[in-house]
């Protein structure tokens, strides 16, 4: 049975929808060990069997930040500062790992976050892993050029 979980950044400018076949307490939650995620105490979720929609209700509030190998971008709300997702695009395709704490039912995703360290990956390996393991994502209201 597919489950729908909704959420948003704090001010609601960036909305999130996650469709997943597993219950929240069955989801594996990650804790990336990069300096950005550690400073945000991020708990993230990715599963290629799920799907996500990120909706820019107020596109002018989208902030993208790239660092390291620049193979993906952090999506942050300019107004409220919430880290919503890590986003990778390739042409018209997009994949994300979601900040699980943006979901309205975040408390139900109660498994301890598992540390993940990808600091030694080469760019091409990192991109391939993300395409295979991240959530296929639809972007709604997103500006064409960033």
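Residue numbers (the working numbering): 1 to 146.
Note that beta-carbon positions come from the ideal geometry of N, C-alpha and C, so glycine has one too.
What are the partner residues of residue i, as DSSP defines its beta bridges?
i: residue 124; result: Residue 124 is not bridged to any residue.
i: residue 116; result: 32
i: residue 45; result: 98
i: residue 52; result: 18 and 137
Give the DSSP-derived three-state secondary structure of residue i in the structure shown.
i: residue 72; result: coil
i: residue 22; result: coil
i: residue 101; result: helix
i: residue 136; result: strand
i: residue 111; result: coil
i: residue 93; result: strand
i: residue 37; result: helix
i: residue 78; result: coil
i: residue 3; result: strand
i: residue 63; result: strand
Relative to the C-alpha of residue i, which candidate in the options has its C-alpha closest?
i: residue 97; options: 70, 29 and 6; result: 29
i: residue 147; options: 74, 60 and 128; result: Limits of the chain in this structure are 1 at one end and 146 at the other, which puts residue 147 out of reach.
i: residue 89; options: 79, 24, 81 and 75; result: 75
i: residue 71; options: 130, 2, 142 and 106; result: 130
i: residue 84; options: 123, 3 and 63; result: 63
i: residue 117; options: 21, 22 and 32; result: 32
Is it buried or exposed for residue i, if we count other Cβ within 10 angstroms and need 16 for buried?
i: residue 110; result: exposed
i: residue 67; result: exposed
i: residue 65; result: exposed
i: residue 101; result: buried
i: residue 81; result: exposed
i: residue 46; result: buried
Are the region 40 to 50 and the region 116 to 135 touching by the rule of at least three beta carbon pairs closer than 8 Å? yes
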